[in-house]
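All residue numbers for the sequence shown refer to this note's numbering, where the first residue is 2 and numbers rise by one. Cβ atoms here follow ideal geometry from the backbone N, Cα and C, with glycine treated the same way. Down below is the structure, laid out as C-alpha cells.
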Amino acid sequence: MSGDDDLKGIDLRDRVMFITAQIKDLQKKREELLGRLRNECTHEAITETPYVAECKFMHALPPKRTCIICGLSEEGWGGYEKLSKGTVVRVIPDRGEFHRYNSELKPLTTIVIPEDMCGKT
Ligand SMILES: [Zn+2]
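In C-alpha cells, the structure reads:
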C-alpha cells in the first residue's frame, strides 16, 4: 500500500501534480493556523540564545528568543516586542542547536516546558 491508492488508474505525472496541489493547500492552511496560534498565544515558555560578541570572522549576533508554544521568534537588539514577558525555560548557547531545537513545534510535555505550563494552551 503506497498511500495514494485513491489515485489508481491516474497517470503518474497527474498523481504528482495532484499531490503537489494538496501539499500547497496544506502549507497554506498550516500558515493560517500558525498565524492564529501566534496571535492568540501568551508566549509563556521561551527558549533563548545569548548575544554573541563580534569576533575576527563574524559580526555580533543579537540575543534571540523563540516561544516554545507557538514558535514565534524575535531578535533582541533593543529588547523584545512580544517575547519580553515570557519565562525563559531553556537557554541554548549554541546557535545551531537553538535553531534545530526550535525548527518545529513539539508536543508540550514536561521535557519541553515546566509541568505547571503543560496544557495551558
Ligand atoms: Zn507563543
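- Residue 46 counts as buried, since no fewer than 16 other beta carbons sit within 10 angstroms of its beta carbon.
- The closest heavy atom of ligand 1 lies 8 Å or more from the beta carbon of residue 24.
- In this structure, the CA atom of residue 31 is about 10 Å from the CA atom of residue 24.
- The beta carbon of residue 83 lies closer than 7 Å to those of 44, 73 and 75 in the same chain, with the five residues before and after it left out.
- Assignment of residue 47 by DSSP, reduced to helix, strand and coil, places it in the strand class.
- The Cβ-Cβ distance between residue 67 and residue 48 falls below 9 Å.
- Residue 11 is classed as exposed because its beta carbon has fewer than 16 other beta carbons within 10 Å across all chains shown.
- Distances taken from the Cβ of residue 70 to the heavy atoms of ligand 1 include one shorter than 8 Å.
- Within the same chain, Cβ atoms closer than 7 Å to the Cβ of residue 94 are found at 50 and 51, the five residues on either side in sequence being excluded.
- A heavy atom of ligand 1 is found nearer than 8 Å to the CB of residue 43.
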